[in-house]
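I have placed the structure first, in the form of structure tokens, so that the comments after it can refer back to it.
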Amino acid sequence: ETQALHCIGCGARLQTTEPQKAGYLPAATLAKMQADPDADLYCQRCFRLRHYNEVQDVELTDDDFLRLLTALGDSDALIVNVVDIFDFNGSVIPGLHRFVGDNPVILVGNKADVLPKSINPKKLTNWLTQAAHAQGLRPVATLLTSAKKGQQVDELLAMIEHYRNGRDVYVVGVTNTGKSTLINQIIRQLTGVRELITTSRFPGTTLDRIEIPLDDGQALIDTPGIIHHGQMAHYVDQRDLNLVAPTKPIRPKVYQLNPGQTIFLAGLARFDFVRGQRSGFTVYADNQLLLHRTKLVNADDFYARHVGELLQPPRAEQLPDFPPFVRFEFTPKVKSDLVFAGLGWIVIPAGQTVAGYAPKGVDVLLRKALI
Ligand code: GDP
5 ETQALHCIGC GARLQTTEPQ KAGYLPAATL AKMQADPDAD LYCQRCFRLR
55 HYNEVQDVEL TDDDFLRLLT ALGDSDALIV NVVDIFDFNG SVIPGLHRFV
105 GDNPVILVGN KADVLPKSIN PKKLTNWLTQ AAHAQGLRPV ATLLTSAKKG
155 QQVDELLAMI EHYRNGRDVY VVGVTNTGKS TLINQIIRQL TGVRELITTS
205 RFPGTTLDRI EIPLDDGQAL IDTPGIIHHG QMAHYVDQRD LNLVAPTKPI
255 RPKVYQLNPG QTIFLAGLAR FDFVRGQRSG FTVYADNQLL LHRTKLVNAD
305 DFYARHVGEL LQPPRAEQLP DFPPFVRFEF TPKVKSDLVF AGLGWIVIPA
355 GQTVAGYAPK GVDVLLRKAL I
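Whatever position you read off the sequence shown (first residue = 1), add 4 for full-length UniProt numbering.
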């Protein structure tokens, strides 16, 4: 039998079967490395980190996740929690507030570049802080960034310096929030550290951590991305990810609807105007996502006939595994957003009865209107 090989970067046991897990590298690369007696054995993640200063995600088991949170709680550190402002509910770390203890938290709302220009950043920052409070998290500061465009990364670094008081900094977040992109920006901005970045293990886990040294001997530590299964991203094909993770500012679309009308958001979600008075409903979703209006009475039949074709994504070949829709009905007392986690939202005027449908496992919820 072959003896277990370990990455010399993070120490993870090398494996060639699960790209999302620690220690992965392609089989062909491993074969090439083993053929060369001078080659250093790195997993793909450490290889990319070493050669391109790029971090990648790994998947966490529930046990590892708990140990990671416990490690945060046991440390005296500043916590930076990255969330996706486009999908706040899909990017909250369950129970984070119980683990951080007395450690201060900076809340970073990333992907600010995607929001429509009409949104006032100050109002959004307040909204985000309130949403965090509702989760029991009390950030010392909240900041909007665009990791992709490199916007507000300097401000974030200044804020970290201000609040850390000589402590280590842990950056935490669920996957798809842009945490890796943000860390990569930070690595680029903190010049001169190129050779100093190190990886090590969280005690008692197989999770590697990436340490970016700070001036005073402390470090900024990147923690593995945590998978949040309620995100729509887990139900679409790789090729369609752009439709659930917009890259351009969203242009809201207004529909004047009568009760008894339905809008399909491709085949991924459905909105019914059940009861009320003719009103305007504003849809916030990727500009390329197909929106199709039809009659409520025919909607079930229409979906059954057209999902995977006209109503795409999901793609036809995904249908056998695509979860059935679950329906949620609401009658908001004040103007509210009906949110399809990770896909977008529809603004509902007060007093109208509506229903939202999404694949089983994806959250549909009502929140106070953002705009
Ligand atoms: P992670 O899983 O949290 O590490 O997230 P990644 O850094 O891998 O990013 C997830 C997706 O979001 C990728 O498609 C990124 O290109 C995209 N992304 C990351 N940051 C931003 C941002 O600031 N704006 C926009 N529009 N997209 C972003």
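Virtual Cβ for every residue (Gly too), placed ideally from N, Cα, C.
As the structure is a prediction and not an experimental result, all values here were calculated from the model.
Residue i Cβ short of 8 Å to the ligand GDP heavy atom set
i, result
"GLY348", "no"
"LYS153", "yes"
"LYS339", "no"
"ASP117", "yes"
"SER150", "yes"
"THR227", "no"
"ALA249", "yes"
"GLY312", "no"
"GLY182", "yes"
"LEU147", "no"
"THR185", "yes"
"GLY94", "no"
"LEU245", "yes"
"THR129", "no"
"GLY234", "no"
"ASN262", "no"
"ASN291", "no"
"GLY365", "no"
"GLY27", "no"
"THR179", "yes"
"VAL86", "yes"
"ASN114", "yes"
Top-ranked residue by Cα proximity to residue i, from the options
i, options, result
"PRO263", "ARG279, LYS252, PRO328", "ARG279"
"LEU342", "LEU34, LEU18, ASN93", "ASN93"
"LYS255", "GLN292, ALA35, ASP241", "Residue identity differs from the one stated: residue 255 is Arg in this sequence, not Lys. Among GLN292, ALA35, ASP241, the Cα nearest to that of ARG255 is on GLN292."
"ILE190", "LEU224, GLN19, ILE352, ASP220", "LEU224"
"LEU186", "ALA16, GLN356, VAL112, PRO324", "VAL112"
"PHE332", "PHE277, GLN322, HIS310, ILE375", "PHE277"
"GLN155", "MET37, LYS252, LYS115", "LYS115"
"GLY365", "GLY234, TYR46, ASP290, ILE216", "GLY234"
"THR74", "ARG371, MET236, VAL330, ARG102", "ARG102"
"LYS252", "ALA32, ARG17, LYS153", "LYS153"
"LEU194", "ARG171, ARG205, LEU218", "LEU218"
"ALA145", "ALA138, THR133, VAL104", "THR133"
"PHE69", "VAL86, LEU211, LEU141, LEU370", "LEU211"
"PRO98", "ALA138, GLY355, GLU165, PRO120", "ALA138"
"PHE334", "PRO324, GLU321, VAL351", "VAL351"
"GLY312", "PHE306, ALA320, LEU295", "ALA320"
"ILE375", "SER122, ASP325, LEU245", "SER122"
"ALA31", "MET37, THR20, PRO41", "THR20"
"ARG205", "ASP88, PHE275, SER95, GLY27", "GLY27"
"ILE267", "GLU215, TYR307, ASP241, GLN281", "TYR307"
"SER95", "LEU247, LYS372, MET236", "MET236"
"LYS257", "GLN242, THR33, LYS372, ASP290", "ASP290"
"GLN281", "LYS299, THR357, ARG309, GLY182", "THR357"
"GLN362", "ARG371, ALA373, VAL330", "Residue identity differs from the one stated: residue 362 is Ala in this sequence, not Gln. The option with the nearest alpha carbon to ALA362 is VAL330."
"GLY140", "ASP172, ALA162, LEU100", "LEU100"
"PRO336", "ASP305, GLY348, ALA373", "ALA373"
"GLU159", "ILE12, ILE110, LEU119, LEU45", "ILE110"
"VAL157", "ASN169, GLY182, GLN322", "GLY182"
"GLN242", "GLU165, ASP172, GLN322", "GLN322"
"PHE105", "PRO41, ALA35, ASP78", "Sequence inspection shows Gly at residue 105; the Phe mentioned does not correspond to that position. Comparing Cα-Cα distances from GLY105 to each of PRO41, ALA35, ASP78, the minimum goes to ASP78."
Anticipated Cβ contact below 8 Å, residue i with residue j, distance rounded
i, j, result
"PRO250", "PHE90", "7 Å"
"LYS339", "PRO353", "6 Å"
"PRO108", "TYR167", "6 Å"
"LEU18", "CYS47", "6 Å"
"GLY360", "VAL248", "No, GLY360 and VAL248 are not in contact; Cβ-Cβ is about 16 Å, not under 8 Å."
"LYS299", "GLN265", "7 Å"
"ASP44", "ILE12", "6 Å"
For residue i, the residue or residues it bridges with in DSSP
i, result
"GLU333", "ALA359"
"THR266", "ASP276, THR298"
"SER283", "LEU261"
"SER150", "GLN155"
"residue 427", "Here the chain has residues from 5 to 375 only, and residue 427 is not among them."
"LYS25", "Answer is none; LYS25 lacks a bridge partner."
"GLY113", "VAL87, LEU148"
"ASP17", "Before going further, note that residue 17 is Arg rather than Asp in the sequence given. According to DSSP, which records beta bridges pairwise, ARG17 is partnered with HIS10."
C-beta neighbour in chain C for residue i, strict 9 Å
i, result
"ASP106", "Absent from the structure is chain C; it holds one protein chain and no more."
Taking 8 Å as the cut-off, does the segment 124 to 133 touch the segment 77 to 86 (at least 3 CB pairs, one atom from each stretch)?
no
contact_flag[the segment 142 to 149, the segment 279 to 289] where n(CB pairs < 8 Å) is 3 or more
no
Counting beta carbon pairs with one atom in the segment 227 to 246 and one in the segment 163 to 178, are three or more of them shorter than 8 Å?
yes
Validate contact between the segment 256 to 275 and the segment 300 to 316 using beta carbons, cut 8 Å, 3 pairs:
yes
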